[in-house]
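Remarks on the structure that follows.
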Amino acid sequence: MQSFNALKERTKDILNLKYATALLEWDQQTYMPEGAAEARASQIATLSKLAHEMLTADETWKLIEAAEREVDTNSDSLEVAIVRITKRDFERSNKLPSQFVAEFAATTAMAHEIWVKARANNDYAAFLPTLEKIFDLCRQQAEYLGYEDHIYDA
Numbered sequence: 001m002q003s004f005n006a007l008k009e010r011t012k013d014i015l016n017l018k019y020a021t022a023l024l025e026w027d028q029q030t031y032m033p034e035g036a037a038e039a040r041a042s043q044i045a046t047l048s049k050l051a052h053e054m055l056t057a058d059e060t061w062k063l064i065e066a067a068e069r070e071v072d073t074n075s076d077s078l079e080v081a082i083v084r085i086t087k088r089d090f091e092r093s094n095k096l097p098s099q100f101v102a103e104f105a106a107t108t109a110m111a112h113e114i115w116v117k118a119r120a121n122n123d124y125a126a127f128l129p130t131l132e133k134i135f136d137l138c139r140q141q142a143e144y145l146g147y148e149d150h151i152y153d154a
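Quick note: the sequence shown uses the numbering used here, first residue 1, plus one each step.
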């Protein structure tokens, strides 16, 4: 179970980066001082990119393959579920370029402050370019992930 334990540790590190990102997002929406959105967007983008690169690294794939050989794939055990979910996340994330992940994270982080200001000023048109960019990024993400019949199936 050496490879499985190493995969579990790697997954824990990836999740810690995601938890740190979530904490930054929470702080952005609750206590962050006005005008700090660009710096916060950069921080969130960096952590998102690091988590993505760590998940999609060759080392992660090697650990997944080795862990699959170590666990009893015929059982419903927690170990089997961890390997299966990590493999699914790897395969999906591997379709997305790291730079795209960073751009998506930064754009959505900046969008919050833009939305708050637009809403306070009852100026929804001010948010429209940001919303359109997010839609464009979502369509681009669907193209990266692939779909069969409709883009909404990605």
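Note that the Cβ used here is the ideal one computed from N, Cα and C, for glycine as well. Predicted model, so just to flag it, every value in this text is computed and none were measured.
Output the distance between the C-alpha atoms of residue i and residue j, rounded to the nearest integer angstrom.
i: R10; j: G35; result: 35 Å
i: Q125; j: D153; result: At residue 125 the sequence reads Ala, which differs from the Gln that was named. Rounded to whole angstroms, A125 to D153 spans 29 Å at the Cα level.
i: N171; j: M1; result: The shown model of the chain, from 1 to 154, leaves out residue 171, and the question about it has no answer.
i: E91; j: P33; result: 38 Å
i: A111; j: V83; result: 35 Å
i: K8; j: A118; result: 43 Å
i: T86; j: N121; result: 44 Å
i: T30; j: R40; result: 13 Å
i: E38; j: S93; result: 25 Å
i: D72; j: A81; result: 11 Å
i: A142; j: Q28; result: 27 Å
Let's see if you can read the secondary structure: which residues bound the alpha helix (DSSP H) around residue i?
i: I151; result: No alpha helix (DSSP H) contains I151, which DSSP labels as neither H nor E.
i: S77; result: No alpha helix (DSSP H) contains S77, which DSSP labels as neither H nor E.
i: L7; result: Q2 to T30
i: Y144; result: L128 to L145
Less than 7 Å separating the beta-carbons of residue i and residue j?
i: K49; j: A102; result: yes
i: L78; j: A6; result: no
i: D114; j: F135; result: What sits at residue 114 in the sequence shown is Ile, not Asp. No; because the gap between Cβ atoms is not below 7 Å, this pair is not in contact.
i: A66; j: S3; result: yes
Given residue i, which residues of its chain have a CB within under 6 Å of its CB, disregarding the five upstream and five downstream residues?
i: I44; result: T21, L24, A105 and A109
i: K18; result: A51
i: E70; result: M1, S3 and F4
i: K54; result: What sits at residue 54 in the sequence shown is Met, not Lys. If we look at M54 and ignore the five residues flanking it on each side, its Cβ neighbours are I14.
At a threshold of 6 Å, does residue i count as lining the ligand NAP (C-beta to nearest heavy atom)?
i: I114; result: Because no ligand of any kind appears in the structure shown, any question about the ligand NAP cannot be addressed here.
Could you tell me whether any Cβ in chain C is nearer than 7 Å to the Cβ of residue i?
i: S3; result: The structure shown contains no chain C; it holds only a single protein chain.
Can you list, in chain order, the residues of its chain with a C-beta nearer than 8 Å to that of residue i? Leave out the 5 residues immediately preceding and following it.
i: R139; result: I151
i: S42; result: A106
i: Y144; result: K95, L96, P97 and F100
i: T46; result: A102
Looking only at its chain, what residues have a beta carbon closer than 7 Å to the beta carbon of residue i, apart from the 5 residues adjacent to it on each side?
i: D89; result: L55
i: L131; result: none
Scan the stretch 39-98 and note each continuous alpha helix (DSSP H) run of 4 residues or more that stays entirely inside, going in chain order.
58-70 and 78-93
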